[in-house]
Structure formats: structure tokens, C-alpha cells
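What follows is a set of notes on a single structure, which appears directly below.
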Amino acid sequence: MPTLDRLDVRALRDVIVTYRDTVRNHAGGLNKLNVYPVPDGDTGTNMSRTLDAVVAEMESADPDDLGATCDAISHGSLMGARGNSGVILSQILRGLTSTLKEQAEGTGQRVADALTAASAGAYQAVLKPVEGTILTVVRESADAAKAASHG
């Protein structure tokens, strides 16, 4: 996927579909890495199924309406969450979309703010957060986005 200068509704939808496809293609590898919060070997499968629900819900929303698309992503992830990893992912997507839908186009700063909200939501969703997991990935992504948006 090319680098984006702004994240509009069409780009957001494309990012979500690409993310779903990428997780689906690497579900087996993610399952092997699965050690947290429960080492049951299903993280990739659960994230893939959660994202299938997100894309299905998103496809029912107006493709030109950022608010409706963000609401669909959030609702689809919550209702379609599978396993602990799906619940954590749903909180990440909820944090992202709650911030992104407040503005017509996502600038670098808006995306950084959205990733920060996503990270906070993910950490709050877990009783005992452990570093070296998806929690760390989303937190470090937020930090990198903040740094990039400032220059």
C-alpha cells in the first residue's frame, strides 16, 4: 500500500480491508507466536475472524460517510470480537475510529491522536498488560506517529 498524506474515508476503508487480508494471510504465523494473554495458539485465527466481521459491517455503511464507516468499524469489531485477541483488537479499533470520525480528513496529527486513543483503549481492556505483545505494537506505533507528525 502506498504512503498516505491524508486519511480520508476511502483510504480508511482500504486500510481496513488490507489489514484484514494481511492478518488472514499470516494467521498461521500469528497463531505460532501466540503466548499472551492465553497461549492457546489462536490469536491469528481470532484476529482474522474479528476483522472479517469488521469488513462485513463496514461494507454495509455508506462508503462516502466517515462517521458511518467509523461507527461500522467499531460496532463490527465489538460484535465480531473472537477470543482475547479479538477483544483487544476491538478496543484498538474503537479508539482509532472514535478519534478519526471527529474530522473529515485525518492529518498526521489526527492519526497520531487516533493511535494514542487506540493504545489507551487496548491497555485498559487488559487486566495485566504485558509488553512485547500487540499492546506494545500499538503504543510504539502511536509514539512513531506522534514523532512523524511533529516533523
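Just so you know, we're using our numbering here: the sequence shown kicks off at 434 and counts up by one.
Beta carbons: idealized from backbone N, C-alpha and C, even for Gly.
On a predicted model such as this, the values are computed, not experimentally measured, just so you know.
Buried versus exposed call for residue i [16 or more other C-beta atoms within 10 Å across all chains shown]
i, result
"LYS465", "exposed"
"HIS583", "exposed"
"LEU560", "exposed"
"ASP497", "exposed"
"ASP475", "buried"
"ALA555", "buried"
"ARG453", "buried"
Nearest candidate by alpha-carbon position, reference residue i, set the options
i, options, result
"SER523", "ILE506, ASN467, ALA489, VAL442", "ILE506"
"ASN467", "THR566, ASN458, VAL448", "THR566"
"ARG576", "VAL520, ALA555, GLY474, THR549", "The sequence shown places Asp at residue 576, rather than the Arg named in the question. The candidate whose alpha carbon is nearest that of ASP576 is THR549."
"VAL563", "ASP495, ASP504, ARG482, VAL471", "VAL471"
"ARG543", "GLY554, ALA581, ALA555, GLU573", "ALA581"
"LEU484", "ASP473, SER531, ALA553, ARG457", "ARG457"
Beta carbon of residue i nearer than 8 Å to that of residue j
i, j, result
"GLY462", "GLY477", "yes"
"VAL487", "GLY513", "yes"
"LEU533", "ALA545", "no"
"VAL540", "ARG439", "For the record, residue 540 in the displayed sequence is Thr; it is not Val. Yes, these two residues count as a Cβ contact at 8 Å."
"MET480", "SER518", "yes"
"ALA558", "ILE521", "yes"
"GLY528", "ALA551", "yes"
Run of the alpha helix (DSSP H) containing residue i, from where it starts to where it stops
i, result
"THR502", "499-513"
"THR483", "476-492"
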